[in-house]
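Peer 1:
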Amino acid sequence: DAGVIQSPRHEVTEMGQEVTLRCKPISGHNSLFWYRQTMMRGLELLIYFNNNVPIDDSGMPEDRFSAKMPNASFSTLKIQPSEPRDSAVYFCASSLAQSGDGDTQYFGPGTRLTVL
Amino acid sequence: AQKITQTQPGMFVQEKEAVTLDCTYDTSDPSYGLFWYKQPSSGEMIFLIYQGSYDQQNATEGRYSLNFQKARKSANLVISASQLGDSAMYFCAMGSRRGGADGLTFGKGTHLIIQP
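Going line by line, the protein sequences match chains A and B. Quick note on the numbering used here: the first sequence kicks off at 13 and runs consecutively. Quick note on the numbering used here: the second sequence kicks off at 7 and runs consecutively.
(1) Would you please state the rounded distance, in angstroms, between the beta carbons of R75 of chain B and I120 of chain B? I believe it to be under 8 Å.
(2) At which residues does the beta strand (DSSP E) containing I17 of chain A begin and terminate?
(3) For the pair the stretch 21–32 of chain A and the stretch 117–128 of chain A, tell me if three or more CB-CB distances fall below 8 Å.
(4) If the cut-off is 7 Å on Cβ atoms, which residues from the stretch 88–110 of chain A count as contacting chain B, listed in chain order?
(5) What three-state label does DSSP hand D92 of chain B in the structure shown?
(6) Going by the beta-carbon positions, is the gap between L118 of chain B and M95 of chain B smaller than 9 Å?
(7) For W46 of chain A, which of A:E95, A:F77 and A:S94 has the nearest alpha-carbon?
(8) List, in chain order, every chain A residue whose beta-carbon is nearer than 7 Å to that of K114 of chain B.
(9) Identify the contact partners of N31 of chain B in chain A, using a Cβ-Cβ distance below 8 Å as the criterion.
(10) Which one of A:M51, A:V16 and A:G40 has the shortest CA to CA distance from N63 of chain A?
(11) Can you give the Cα-Cα distance for V24 of chain A and K90 of chain A, rounded to whole angstroms?
(12) Straight-line CA distance for P46 of chain B to S93 of chain B?
(13) Quick check on P82 of chain A - is its C-beta less than 9 Å from some C-beta in chain B?
(14) For the beta strand (DSSP E) holding A84 of chain A, just list the boundary residues, first then last.
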């Protein structure tokens, strides 16, 4: 089975440009998560969706960041305008919400974003 | 608020020895899950093992086991018979259920190096 798919894998852009990161979750999963990883801050949750509905976006750093999930098989994370401090690896993860204490999240390969 | 603490920034271990990676957590949620992920130098996040807060037995997955001590709020990962391929960053994470899937809170990670 295909895992979580992210594109692009690498993105280099200039400050001020719009950046769009894409994610396709594992088929059948109903929860999707966006994380950011930097050396300084480690892995941080940005936003997550349950059944395509945004549940918690308190981790989104600024209004420059926005995320959408128009259907169960696609999500985007957009940064407009981008800044050098946005340089990081952005991970998308998905899970199947079930009864229990927690749901295992499976991560995509990540998008390495560099903003010059 | 949830918090994960990993006190070992780096560890060197001889091949074939057992390894224990420390993780302590703090939460006010009555129900939670604890996870370990491996991140090799290639960058992907690989799920290793999960422990639910109400699970009576410690979780095991092949050479991985989780030493869960609820009263001490610790969830240490034990790797038996370490291999060179175990060299990687290891992250402890926590998630809670609040009527659905929830985002994970990650520790800073432990960089494990297995020496021949």
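A virtual CB, placed ideally from N, CA and C, is assigned to each residue, including glycine. Here the structure is a predicted model, which is why all the values come from computation and not from measurement.
Peer 2: This is what the structure gives:
(1) This sequence places Gln at residue 75 of chain B; Arg is not what is there. Actually they do not touch by this definition, with Cβ atoms about 25 Å apart.
(2) I17 to S19
(3) yes
(4) Going along the stretch 88–110 of chain A in chain order, one finds V101, F103, S107 and A109 with a Cβ nearer than 7 Å to chain B.
(5) helix
(6) yes
(7) A:F77
(8) G54
(9) With the sequence shown as reference, residue 31 of chain B is identified as Tyr, and Asn is not the correct amino acid for it. One finds nothing in chain A with a Cβ atom closer than 8 Å to the Cβ of Y31 of chain B; even the nearest lies about 12 Å away.
(10) A:G40
(11) 14 Å
(12) Whole-angstrom Cα-Cα distance: 7 Å.
(13) Output row for P82 of chain A: interface = no.
(14) Counting along the chain, no beta strand (DSSP E) covers A84 of chain A, and no H or E run does either.
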